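> So in numbering that gives the first Met the number 0, spot 119 of the sequence shown is number 118, and the numbers just go up one at a time. Idealized CB from N, CA, C, for every residue including glycine. Model, not experiment: these values are computed from the prediction. Mind looking over this structure? Questions follow.
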Amino acid sequence: MNQIIKTFLGVFLILLMCSCCIGMFAQFLHVMEAQNLHAKIVKELEESDYYPDVLRECCMRAQTAGCRLEVTLYQPGKTPIVIQDAAMVPAQIQCETAKVELKYALHIFGLQEAQTHILSAYTY
Numbered sequence: 000m001n002q003i004i005k006t007f008l009g010v011f012l013i014l015l016m017c018s019c020c021i022g023m024f025a026q027f028l029h030v031m032e033a034q035n036l037h038a039k040i041v042k043e044l045e046e047s048d049y050y051p052d053v054l055r056e057c058c059m060r061a062q063t064a065g066c067r068l069e070v071t072l073y074q075p076g077k078t079p080i081v082i083q084d085a086a087m088v089p090a091q092i093q094c095e096t097a098k099v100e101l102k103y104a105l106h107i108f109g110l111q112e113a114q115t116h117i118l119s120a121y122t123y
């Protein structure tokens with residue numbers, strides 16, 4: 000009888016450890032996906048010289064990926080423009096630098112609420 004309880008407890012702990020490892024690996028893949036999306040957006044904005052259609056497409060792509068994109072455009076001699084949605088993109092953009100922030104939710108195994116993480120970069 001004692002051996003059956005020890006065996007069941009061992010199997011239960013192994014299954015618990017496997018499920019925790021799978022959850023951590025899934026979150027790691029989610030973070031890697033967000034980092035790759037952020038790097039692609041920064042590269043596209045730099046290469047397109049902040050073209051409005053490219054910025055709109057980047058906002059829509061981030062939204063479909065379940066992330067929130069916030070771009071702050073720093074124009075010479077003017078106040079910065081903060082863009083949080085594709086509808087907020089102006090018709091013409093003349094800026095020297097921009098701050099690109101990608102916000103995504105990270106769900107921790109066993110907790111009810113998600114933590115919001117931010118990836119940030121400046122483009123020139």
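Between A25, Q26, L28 and I40, which has its C-alpha nearest Q62's C-alpha?
On the sequence shown, position 63 is the one that residue 62 refers to. The residue with the shortest Cα to Cα distance from Q62 is I40.
> Tell me which same chain residues have a C-beta within less than 6 Å of the C-beta of Q83, skipping the five on either side of it?
Taking the sequence shown and counting its residues from 1, one reaches residue 83 at position 84. Within the same chain, Q83 has close Cβ partners E69.
> Quick check for students: name the residue ranges of the beta strand (DSSP E) that lie wholly in the stretch 18–105, counting only runs of 3 or more.
Those beta strand (DSSP E) runs which fall completely within the stretch 18–105 and span 3+ residues are 67–73 and 80–82.
> Check each candidate in E32, Y50, V88 and A97 and name the one with the smallest Cα separation from C66.
To locate residue 66, count along the sequence shown from 1; it is residue 67. Per the Cα distances, E32.
> Tell me T115's beta-bridge partners as DSSP assigns them.
By 1-based counting over the sequence shown, the position of residue 115 is 116. Paired residue(s): A104.
> Measuring only the C-alpha atoms, how far is N1 from L8?
Taking the first residue of the sequence shown as 1, we reach residue 1 at position 2. Taking the first residue of the sequence shown as 1, we reach residue 8 at position 9. When rounded, the distance between both Cα atoms is 11 Å.
> In angstroms, rounded to a whole number, what distance separates the CA positions of V99 and F11?
As a working note, residue 99 is residue 100 in the sequence shown. As a working note, residue 11 is residue 12 in the sequence shown. Rounded to the nearest angstrom, the two C-alpha atoms are 45 Å apart.
> Roughly how far, in whole angstroms, is the beta-carbon of H37 from the beta-carbon of L101, given that I think they are within contact range, below 8 Å?
The sequence position of residue 37 within the sequence shown is 38, counting from 1. The sequence position of residue 101 within the sequence shown is 102, counting from 1. Right, the Cβ-Cβ distance comes to about 4 Å (below 8 Å), so this counts as a contact.
> By Cβ distance below 7 Å, which residues in the same chain neighbour Q34 in space, the five residues on each side in sequence not counted?
Taking the sequence shown and counting its residues from 1, one reaches residue 34 at position 35. Closer than 7 Å at Cβ, skipping near neighbours: L118.
> Should C58 be labelled buried (16 or more other beta-carbon atoms within 10 Å of its own) or exposed?
Translated into the one-based positions of the sequence shown, residue 58 becomes position 59. Buried is the call here.
> Suppose the cutoff is 8 Å on Cβ atoms and the five residues either side in sequence are ignored; what does the same chain contact list for Y73 look like?
Here residue 73 refers to the residue found at position 74 of the sequence shown. Correct list, in chain order: P79, C94, E95, T96, A97 and K98.
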